[in-house]
Amino acid sequence: LCVHPHRIGILCQLTFLALLHGPSSGLAADKTRAKEAGSTAGQQVVLDRIDAAQLAEHLREEGYAAKLDEKDEDKNVIEMKVNGRRAVAFVWDEGTTIEFFMGFGDQTLSLAAINKWNHSNRVSRISINDDGDAQLSLRLHLNGGVTPNWIVIHASAFREDCEAFEKVIRDK
Numbered sequence: 055l056c057v058h059p060h061r062i063g064i065l066c067q068l069t070f071l072a073l074l075h076g077p078s079s080g081l082a083a084d085k086t087r088a089k090e091a092g093s094t095a096g097q098q099v100v101l102d103r104i105d106a107a108q109l110a111e112h113l114r115e116e117g118y119a120a121k122l123d124e125k126d127e128d129k130n131v132i133e134m135k136v137n138g139r140r141a142v143a144f145v146w147d148e149g150t151t152i153e154f155f156m157g158f159g160d161q162t163l164s165l166a167a168i169n170k171w172n173h174s175n176r177v178s179r180i181s182i183n184d185d186g187d188a189q190l191s192l193r194l195h196l197n198g199g200v201t202p203n204w205i206v207i208h209a210s211a212f213r214e215d216c217e218a219f220e221k222v223i224r225d226k
């Protein structure tokens with residue numbers, strides 16, 4: 055098994071967060087929702103779709119500055135801060151896909167650098183927009199069901215990847 059050093063840190067963090075927020079110590083709000091939905095105590099809610107307001111709530115419960123984008127007519131965009139920079143989370147496909155996204159305006163990378171990142175990082179992806187600017191995204195599909203904790207774990211992985219990507223840009 056060949057794992058990029060950055061990915062080892064992410065894998066360790068994902069494992070730690072999964073253990074930290076596991077079934078025995080899930081978010082209090084999720085336990086309340088599970089109880090209201092008729093689940094037995096200690097079980098977590100499993101979501102196969104989510105709306106932007108619910109996603110923003112889960113992110114705020116974990117300390118993210120997340121709010122619905124007031125200008126978005128479709129109400130599927132969440133504004134958030136990641137490492138002091140503006141990021142957004144989109145809710146797509148009738149609530150079955152979440153995409154965390156950060157644009158890096160006026161930052162260009164070579165195709166070799168982009169390919170290296172995308173080959174080494176299996177969770178997030180770098181792409182280039184129509185203006186030639188770099189952008190980082192992470193998608194989470196809810197098909198089959200995920201816990202709110204799994205969503206928060208992916209948000210944490212996105213934050214880590216934003217930090218790593220900012221280092222790539224600084225070091226180019």
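Here the sequence shown is numbered in my numbering, starting from 55 and rising by one per residue. All residues carry an ideal CB built from backbone N, CA and C; glycine is no exception.
Asked, Found
"So, with DSSP's three-state summary, where would you put residue 220?", "helix"
"List, from N- to C-terminal side, the beta strand (DSSP E) runs of 3 residues or more that fit wholly inside the stretch 130-209.", "131-136, 139-146, 151-158, 178-182, 188-195"
"Mark residue 140 as exposed unless 16 or more other C-beta atoms lie within 10 angstroms of its C-beta, in which case mark it buried.", "exposed"
"Consult DSSP for residue 228 and reduce its assignment to one of helix, strand or coil.", "No information on residue 228 is available, as it lies outside the stretch 55 to 226 that the chain covers here."
"Mind checking whether residue 143 and residue 132 have CB atoms under 7 Å apart?", "yes"
"With a cut-off of 8 Å, do at least 3 Cβ pairs link the stretch 157-172 to the stretch 121-138?", "no"
"Checking the sheet assignment: what are the DSSP bridge partners for residue 121?", "133"
"Thinking just about the alpha-carbon of each residue, which of 106, 114, 193, 117 is nearest to the one in residue 129?", "106"
"If you draw a straight line from the C-alpha of residue 145 to the C-alpha of residue 167, how long is it?", "29 Å"
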